[in-house]
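Numbering (our numbering), first residue to last: 73 to 233. The beta-carbon is built from N, C-alpha and C at its ideal position, and this holds for glycine as well.
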């Protein structure tokens, strides 16, 4: 873990990061509709995030050129000046070493640079390690927003920047 680099996603990363995301969701029995497992853009994340680089980015973490995780951030149109943290997932080997925190900080730095004032995220109550991280980073749980029409995620968080 000494050679970890965080960089923007490239087209060549799509299949590998999609597999990491799906493996995590499957492990927690969240390989069901209403989760990122079935997001239409999951197999081509680079295209989605690079389409509006002034508003969104996906960061890949790699160790000696091996992808070990990633996290995204994109505009969130339901709340003024807000970005959403999206698809933060790591390989099992990369967990517990502070990499989730580094990816979150990278996404937050991007949000500040792009003049977002708030960060929003959705997660599931079974993802306990992720919830601990979000709370340590200053995210506050909020009630389920009215604009969440469907979906399996059952925990919602906001952070003022």
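Under DSSP, the beta strand (DSSP E) around residue i begins and ends at which residues?
i, result
"residue 156", "154-162"
"residue 135", "129-135"
"residue 227", "227-232"
"residue 79", "76-80"
"residue 143", "138-147"
"residue 193", "190-195"
"residue 203", "Per DSSP, residue 203 belongs to no beta strand (DSSP E); it is in the alpha helix (DSSP H), 200-208."
"residue 213", "212-214"
Alpha carbon to alpha carbon, what distance is there between residue j and residue i?
i, j, result
"residue 87", "residue 219", "30 Å"
"residue 75", "residue 170", "14 Å"
"residue 216", "residue 106", "15 Å"
"residue 78", "residue 202", "19 Å"
"residue 157", "residue 143", "7 Å"
"residue 168", "residue 153", "32 Å"
"residue 166", "residue 95", "14 Å"
"residue 210", "residue 155", "15 Å"
"residue 99", "residue 186", "34 Å"
"residue 223", "residue 151", "18 Å"
"residue 102", "residue 128", "25 Å"
Which whole-angstrom value describes the C-beta separation of residue i and residue j, a residue pair presumed to lie in contact below a C-beta threshold of 8 Å?
i, j, result
"residue 118", "residue 85", "6 Å"
"residue 229", "residue 205", "Not a contact, Cβ separation roughly 11 Å."
"residue 124", "residue 190", "That pair is no contact at about 18 Å."
"residue 213", "residue 227", "6 Å"
Quick check on this structure: which residue in the options has the alpha carbon closest to the alpha carbon of residue i?
i, options, result
"residue 231", "176, 201, 196 and 200", "176"
"residue 178", "99, 91, 130 and 94", "130"
"residue 188", "147, 138 and 89", "147"
"residue 162", "233, 199, 191 and 104", "199"
"residue 126", "152, 207 and 184", "184"
"residue 172", "89, 83, 133 and 150", "133"
"residue 145", "136, 139, 122 and 135", "122"
"residue 141", "81, 213, 208 and 211", "81"
"residue 83", "110, 135, 139 and 111", "139"
Return the first residue and the last residue of the alpha helix (DSSP H) that residue i is part of.
i, result
"residue 104", "Residue 104 -> no alpha helix (DSSP H), and no H or E assigned at all."
"residue 119", "117-122"
Using 7 Å as the limit for Cβ to Cβ distance, is residue i near chain D?
i, result
"residue 168", "Annotation note: the requested chain D is absent from the structure, which comprises a single protein chain."
Give me, in chain order, the residues of the same chain whose beta-carbon lies closer than 7 Å to that of residue i; leave out the 5 immediate sequence neighbours on both sides.
i, result
"residue 108", "93, 97, 114 and 159"
To which residues of the same chain is residue i closer than 8 Å at the C-beta, ignoring the five residues directly before and after it?
i, result
"residue 225", "106, 107, 194, 195 and 196"
"residue 90", "114, 115 and 117"
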